[in-house]
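First up is the structure itself, then whatever we jot down about it.
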Amino acid sequence: MKTRLLLLVVFLLPAPCFAQWEKYGYNPPPLGDLKAQKNSSNSLSNPYGAGSPYKSDGLKNPYSSYGSPYSNYSATNPYASRPPQIYSRSGQYHGELSANPYRADSTSNPYGRYGSRYSYDSINNPYGAGNPYNRRPIYVYPWRRR
Numbered sequence: 020m021k022t023r024l025l026l027l028v029v030f031l032l033p034a035p036c037f038a039q040w041e042k043y044g045y046n047p048p049p050l051g052d053l054k055a056q057k058n059s060s061n062s063l064s065n066p067y068g069a070g071s072p073y074k075s076d077g078l079k080n081p082y083s084s085y086g087s088p089y090s091n092y093s094a095t096n097p098y099a100s101r102p103p104q105i106y107s108r109s110g111q112y113h114g115e116l117s118a119n120p121y122r123a124d125s126t127s128n129p130y131g132r133y134g135s136r137y138s139y140d141s142i143n144n145p146y147g148a149g150n151p152y153n154r155r156p157i158y159v160y161p162w163r164r165r
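Throughout the sequence shown, residue numbering follows my numbering, covering 20 to 165 in sequence.
Now the structure itself:
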């Protein structure tokens, strides 16, 4: 009886701790949705939601680490080495939200896979991932190793 109780304690009690680590440690919450409607709280085009210039970790806040022109994690810094990354809901990678036109995975690189108007994976292609009639969300996440 004691061994069953010990096994129960050892295997079931740490489960919520690992779930929290998985939820906030390894997979951070998205910074916003590029394709959500303007009145959605998760939309980056909503000035009162995820696109607010006062949000502490917002892309449009010039004082946050993701919106500052000097931060290494910023989308507006053309020299950032770890800019935010773009993923669809299914987990497909769509490049980095970066102002650097020379970075290979940047959405600002017109000759790269994720910045070209003709690439299917690019959010700049109106017939591919950037289709305005496609309502599937495209999330912006902080940089993480793929």
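Each residue gets a CB set at the ideal place from its N, CA and C atoms; glycine is no exception.
How long is the line joining the alpha carbons of residue i and residue j, rounded to whole angstroms?
i: TYR85; j: ASN46; result: 17 Å
i: PRO48; j: TYR130; result: 30 Å
i: TYR137; j: GLN104; result: 20 Å
i: LYS74; j: ASN80; result: 6 Å
i: ASN65; j: ASN58; result: 6 Å
i: SER90; j: SER107; result: 25 Å
i: TYR98; j: ASN119; result: 7 Å
i: TYR121; j: ASN143; result: 16 Å
i: GLY70; j: ARG154; result: 18 Å
From this set, the options, which residue's C-alpha is nearest residue i's C-alpha?
i: GLY147; options: ARG164, ASN119, GLN111 and ALA123; result: GLN111
i: LEU116; options: SER107, THR95 and SER109; result: THR95
i: SER100; options: SER83, GLY77, TYR82 and ASP124; result: ASP124
i: LEU78; options: TYR67, ASN91, ILE142 and LEU63; result: LEU63
Return the first residue and the last residue of the beta strand (DSSP E) that residue i is part of.
i: SER107; result: 104–107
Check your understanding: Does the region 47–64 touch the region 146–162, meaning 3 or more C-beta pairs lie closer than 8 Å?
Key -> Contact between the region 146–162 and the region 47–64 is established, with three or more Cβ pairs separated by less than 8 Å.
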